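Only one structure is covered here, and it is reproduced in the block below.
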Amino acid sequence: MRAILIDKNIFDAFVSLEDGTIISVPLGQVNPANIGDTLHLSNTINCINNSVASDKSVDKLIDFF
637 MRAILIDKNI
647 FDAFVSLEDG
657 TIISVPLGQV
667 NPANIGDTLH
677 LSNTINCINN
687 SVASDKSVDK
697 LIDFF
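When we follow my numbering, the leftmost residue of the sequence shown carries the number 637, and every step to the right adds one.
Here it is in structure tokens:
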């Protein structure tokens, strides 16, 4: 699945999926990507947590794709 890296810290990476879902994954699964990079994640990626972004956030993220 395609995603965009939107933020990261020393433990987690936060990515936005094409459907607007924002998930947190272990940073090691996306390194050495930079914020704004398009990623291709496997369907078996270890998701830590997720939430659905608001419609306004989704509209902004669509511009990245």
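Glycine residues also receive a C-beta, built at the ideal position from the N, C-alpha and C atoms.
Here the structure is a predicted model, which means the values were calculated and not measured.
Looking at the structure shown, is residue i part of a helix, part of a strand, or coil, going by DSSP?
i	result
Leu-677	coil
How would you call residue i, buried or exposed, if buried means at least 16 neighbouring beta carbons within 10 angstroms?
i	result
Asn-650	At residue 650 the sequence reads Phe, which differs from the Asn that was named. Buried, because 16 or more other Cβ atoms sit within 10 Å of the Cβ of Phe-650.
Ser-652	buried
Ile-658	buried
Ile-640	buried
May I ask which residues mark the beginning and end of the beta strand (DSSP E) holding residue i?
i	result
Ala-718	Since the first and last residues shown for the chain are 637 and 701, residue 718 lies out of range.
Val-661	657-662
Ala-649	648-653
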